[in-house]
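Q: Please find one structure pasted underneath; my questions will follow.
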Amino acid sequence: QDNRISLWSAGDLGNAGLNGEYHGEPHLLCDIQHNGDVMDMQFLDQERIVVASSTGTVTIFRHHQNNQTLSASHRWEKAHHHVDQDTSCGGAACTGVVCNNPEIVTVGEDGRINLFRADQKDSVRTIDNADSSTLHAVTFLRTTEILTVNSIGQLKIWDLRQQRNEPSQIFSLAGDRVPLHCVDRHPNQQHIVATGGQDGMLSIWDIRQGTMPVSLLNAHEAEMWEVHFHPSNPDHLFTCSEDGSLWHWDASTNVSEKPSFLHQGGRSTTYLSHSTINQSVVSAWLSNDPTKDRMEITNLIPNQTLSVNSLDVLGSCLVYGTDSEAIYVNRQLFA
Amino acid sequence: RSRSHPGARALTGSVSDPAGGAPGSSRVFVVRRDQDIYIQTLRKLFNESHGIFMGLQRSEEELAGKSRKAQLVQVSKNYRSVIRACMEDMHQAAVSTRDPALQGQYSTQVSILSAMELIWNLCEILFVEAAAAGPLLLRLLDWVRLHVCDVDSMVREVLSSESPSKHKLFWNVVDVFVLQGRMDEARHLLSKEATANPTSMNMYKILDDLMKKMPMPSLGNTQTLTELELKWQHWHEECQRFLQDGTFASNPHMESICKILLGDEDAILEKKELMTTWYHFLVTRLLYSHPTVKPMELRFYAQSSMDLFLGGESSPEPLDMILMAAFEFEMHQVIKECSIVLSNWWFVAHLTDLLDHCKLLQSHNLYFGSNMREFLLLEYASGLFSHHSLWQLGVDYFDHCPEYGRVYLELHIERIPLNTEQKALKVLRICEQRQMHEQVRSVCKIMAMKALRNNRLGSALSWSIRAKDAAFATLISDRFLKDYCERGCFSDLDLIDNLGPSMLLSDRLTFLGKYREFHRLYGEKRFAEAARLLLTLMTAHIAPCSFWMTLLTDALPLLEQKEIIFSAEQTYELMRCLEDLTAGNVDKQKFQEDDVETTKVEMLRLALARNLARVIVKEGTVEGS
């Protein structure tokens, strides 16, 4: 198997034409071999990328910009593995990684949570058997707290400051314990969390109250692999699924007389406007009746065939990858 | 007997001599896996063509006539552009690699892809578009211009030189243009010669005029075939006159061009090196002698062209035979020859599918029942399944094979190695979408068993829930209960406490959930509720008989409490349970010999009796007073 980590340049901003169209296709800058399937990855900082492998290894790759190469700068072998190597059946994949430089948190099929620091050889903290089922994804709630989702439909909060190996809170779906595959937290309002399930359902949680989701939105026809709030326009949410679709959820039409966040760039502008708005705007995601409040949902893929496995969004740029071995870059997201 | 391993498959068996007599020697057949699917650059071909294939299957069948044909031609063009894109990538790879072996491999691939595109293009013209007389020639001219590129570098060289007319290859390039029917470009070059050489101005003007006036078929409906033929006949006669008058006698180059314009076979054949292939010769011949050739007439010209061109010096290669079969409109022959020559099924599978959509293939059944299109698609898709990630494409191909697709899919999908949970989930989704319940159960069992072996009980349960596998859920619950008995406490409380409705999947699982609930109630000191639950577990037969002893032992502390928890009714029930248990075991030697067990039973009987005594008194006492 020849799996590679590749770094692409998605086109120069300076090449944008009069109407903002970009010219030039993404081109490959450099790549490097990777052992095992790439299950998840995230930029640690401008130069380093943390990659989670199906072999259970977590690697930090460094991008050398002067000569455009990638090299493996650090590796934690067997960060995820099944205990008792003699009777164990196969390895355990590392399913999720999240970074908050210099901290790196990983989760895996072995139900283990690892806390690494980029400059330290061994793990800072490991919670063995944190979960009896597979942990599918992890994200930071606050700098010292993380959120995990597992394959028995539970959302758990872990406080890393505490030494005990128990979650500080457990949330679960009512009804069938459908596995949850992805989780993301609202960039500005830390109590709003979105998760995606195996049945394609999008759940919005308010972790200040209750143990059940605030709203359940019937979305995809198959597993929802990733969910992302737009980092600077959090009224926009993106989900992608095994059914080959990528949905753009626009809750910005929920509220009347709200200034448009969209045509300005710049994080600072959006943040400032946010804080001057009254409470009714802020709870766009927590409103109980999305149908009444006209949430716009668009499928961004015209001819869907195979699964969309992963997506990421920044500014007006959306990137996603499919099982047809293709990467798509959309630089005109809000046009 | 056969054995297989990842690298190659070897098959052994003894083959007996069909002519009778003694059995023959054992032979070893080394069967090699399809190597092509592992070539990196070809993956783009497989992925992109999969998209085109799916688009074709889903396309509007209701469109009739011209619009349908236009649609199919577009599909064909899409396939060809994918082949060309791949060729480009492969070429880049060949140029940039340092390894000579790899370079050789890439170069070979480039020429194979080029040949594929050549054949496909011809099939598109003859079968998909089914170009009629007139446009047919134009399409064939385009085809030749696109594919005979050996002369391109020469052309470039001459055109970019300072004075082209002085270049030694000047006339070669003019000839190339004429042979390919590129009149404008030929005339342009000739004009340079004329300005440099004023003495031949007169000759030049005549030749230029002839070339300008040459009647060509048009794509639109501006003229009928008859009109074209008439015009052409006149023009042909005019050329003939000029030639016979000796107008060009002083310039052999121009004379030969005039002869070519007249369709003189010998004159054309003289330029063999510039044409390089017999099919170029064919098209040139047609251009200058039968521009209104009908599709069905092609076969005669093709055969004679090939014979004339090769002239007995060399024998036709496989590519030549395939093209000949196409000119003869023998579609099945084309497909058969391609299948033999090419190393994987990609080309024939997709081409046949397209031709089938054009309703061109009669469904003559192959001997094992399915038709040609399905056979090829099945073979191609099966090949994909041996790849660790391209198998996903294969699924869609199987879906569009109505007779055997499903069976093939069922067999193949169970054999995909499930090395991560995500892969297993993808496989499951595919099976569920097609109601392949057997396979769903099978995959879930494999994953659940793996999880169980790795002591991931939560994962194991999650897989059994997905498959609605009650038996496995029972197995997992037994494992939990066994752990509890051995260690005295529950592991994985986060799972048991949060079973939810999945608890109902199996009785044992329900018991586990309820039993845990009992412990929780006890921990919260809600003794009356705990007691009621405990009793229900036994009386409603939720608890397995093997666990009753443990439950009764759990009842002991409740019986020993200062306050009375069990009512008389309940106590009688408990006693009955105990008696049922011991009565059943009275024959068992172990039970009698085990002191601990007998002591337990004794203690229980005592506690129950004491409780009964207290509760009778309590219930008999009148409240108040």
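Chains as they are written, first to last, in UniProt numbering: chain A, 1 to 335; chain B, 1 to 625. The beta-carbon is built from N, C-alpha and C at its ideal position, and this holds for glycine as well.
Exposed or buried, K359 (chain B), counting other C-beta atoms within 10 Å across all chains shown (16 or more means buried)?
A: Exposed: under 16 other Cβ atoms inside 10 Å.
Q: Just mark Q435 (chain B) as buried or exposed, buried being the case when its beta carbon has 16 or more other beta carbons within 10 Å.
A: So Q435 (chain B) counts as exposed.
Q: Here's a check: name, in chain order, each residue in its chain whose Cβ is nearer than 6 Å to the Cβ of L499 (chain B), leaving out the five neighbours to either side.
A: So the qualifying residues of the chain are G513.
Q: Return the first residue and the last residue of the alpha helix (DSSP H) that G51 (chain B) is part of.
A: Note, G51 (chain B): alpha helix (DSSP H), 42–58.
Q: Taking Cβ-Cβ distances shorter than 9 Å, what residues in chain B pair up with A284 (chain A)?
A: The contacting residues do not exist; A284 (chain A) stays about 30 Å from chain B at best.
Q: Following the continuous alpha helix (DSSP H) through Q33 (chain A), name the residue where it begins and the one where it ends.
A: Segment 27–34 is the beta strand (DSSP E) holding Q33 (chain A); no alpha helix (DSSP H) there.
Q: What does a CB cutoff of less than 6 Å around L243 (chain B) pick up in its chain, not counting 5 residues either side in sequence?
A: Cβ neighbours of L243 (chain B) beyond the five flanking positions: C258.
Q: Exposed or buried, which one is R415 (chain B) when buried takes at least 16 other CB atoms within 10 Å?
A: It is exposed - the Cβ of R415 (chain B) has fewer than 16 other Cβ atoms within 10 Å.
Q: For the beta strand (DSSP E) holding W346 (chain B), just list the boundary residues, first then last.
A: Careful: W346 (chain B) lies outside any beta strand (DSSP E), inside the alpha helix (DSSP H) at 346–357.
Q: Go through its chain and collect everything with a Cβ distance to S339 (chain B)'s Cβ below 7 Å, but skip five positions before and after it.
A: Excluding positions up to five away in sequence, the list reads V348.
Q: Take every Cβ of the stretch 202–209 of chain B, pair it with every Cβ of the stretch 296–310 of chain B, and state whether three or more of those distances are shorter than 8 Å.
A: Because the criterion of three Cβ pairs below 8 Å is not met, the stretch 202–209 of chain B and the stretch 296–310 of chain B do not touch.
Q: Below 7 Å between beta carbons: does that hold for L311 (chain A) and F229 (chain A)?
A: No; because the gap between Cβ atoms is not below 7 Å, this pair is not in contact.
Q: So which of A:P179, A:D159, A:N3 has the shortest CA-CA distance to R466 (chain B)?
A: Considering only alpha carbons, the answer is A:P179.
Q: Quick check: the stretch 232–239 of chain B against the stretch 209–219 of chain B, are there 3 or more CB pairs under 8 Å?
A: Taking 8 Å as the limit for Cβ pairs, the verdict is that the stretch 209–219 of chain B does touch the stretch 232–239 of chain B.
Q: Looking at chain A, is there any beta carbon in it that lies within less than 7 Å of the beta carbon of residue 632 (chain B)?
A: No answer is possible for residue 632 (chain B): the residues shown for chain B start at 1 and end at 625.
Q: Report yes if the C-beta distance between V174 (chain B) and L159 (chain B) is below 7 Å; otherwise report no.
A: Not in contact: V174 (chain B) and L159 (chain B) (Cβ atoms no closer than 7 Å).
Q: Kindly indicate if chain A contains any beta-carbon less than 7 Å away from that of S442 (chain B).
A: No, S442 (chain B) lies away from the interface with chain A (no Cβ there is under 7 Å from its Cβ).
Q: Take the Cβ of R241 (chain B) as the centre, count every other Cβ of all protein chains shown within 10 Å, and call the residue buried at 16 or more, exposed below.
A: Counting Cβ neighbours within 10 Å, R241 (chain B) comes out exposed, since fewer than 16 surround it.
Q: Taking the Cβ atom as the reference point for each residue, do V105 (chain A) and L115 (chain A) lie within a distance shorter than 7 Å?
A: Yes, Cβ-Cβ distance for V105 (chain A) and L115 (chain A) is below 7 Å.
Q: Determine the DSSP secondary structure at C401 (chain B), reduced to helix, strand or coil.
A: If DSSP states are grouped into helix, strand and coil, C401 (chain B) belongs with coil.
Q: Go to G96 (chain A), then tell me how far its beta strand (DSSP E) extends in each direction, as first and last residue.
A: Per DSSP, G96 (chain A) belongs to the beta strand (DSSP E) from 94–100.
Q: Quick one: list the residues of chain A neighbouring I340 (chain B), beta-carbon separation under 7 Å, in chain order.
A: Near I340 (chain B) there are no residues of chain A at all, since even the closest Cβ is about 30 Å away, more than 7 Å.
Q: Please report the straight-line C-alpha distance between L310 (chain B) and L126 (chain B), rounded to a whole angstrom.
A: Cα-Cα distance, rounded: 24 Å.
Q: Could you tell me whether any Cβ in chain B is nearer than 7 Å to the Cβ of I113 (chain A)?
A: No, I113 (chain A) lies away from the interface with chain B (no Cβ there is under 7 Å from its Cβ).
Q: For the alpha helix (DSSP H) that contains V283 (chain B), what are its first and last residues?
A: Element bounds for V283 (chain B): 278–289.
Q: So what does H80 (chain A) bridge to, in DSSP terms?
A: None, per the DSSP bridge assignment.
Q: Using a Cβ-Cβ distance under 7 Å, would E238 (chain B) count as near chain A?
A: By this cut-off, E238 (chain B) is not an interface position.
Q: Can you give the Cα-Cα distance for G312 (chain B) and M90 (chain B), rounded to whole angstroms?
A: Their Cα atoms are separated by approximately 35 Å.
Q: Reducing DSSP to helix, strand and coil, say where F238 (chain A) ends up.
A: The answer is strand: DSSP assigns F238 (chain A) an E or B state.
Q: Measuring alpha carbon to alpha carbon, tell me which residue in A:L300, A:A174, A:V50, A:Q190 is nearest L147 (chain A).
A: Taking only the C-alpha atoms, the option nearest L147 (chain A) is A:Q190.
Q: Give me the Cα-Cα distance between P217 (chain B) and V283 (chain B), rounded to the nearest whole angstrom.
A: Roughly 14 Å separates the two Cα atoms.
Q: Between which two residues does the beta strand (DSSP E) holding E486 (chain B) run?
A: From DSSP, E486 (chain B) is part of no beta strand (DSSP E) but of the alpha helix (DSSP H) over 470–487.
Q: Who are C182 (chain A)'s beta bridge partners in DSSP?
A: BP columns for C182 (chain A) point to A:G196.
Q: Taking the alpha carbon of L384 (chain B) as the reference point, which residue from B:G394, B:L377, B:S26 has its own alpha carbon closest?
A: Considering only alpha carbons, the answer is B:G394.
Q: Going by CA-CA distance only, name the one from B:V176, B:E597, B:Q92, B:P164 that's closest to E273 (chain B).
A: That would be B:V176, whose Cα lies nearest to the Cα of E273 (chain B).
Q: State the beta-bridge partners of D40 (chain A) as determined by DSSP.
A: D40 (chain A) pairs with A:A52.
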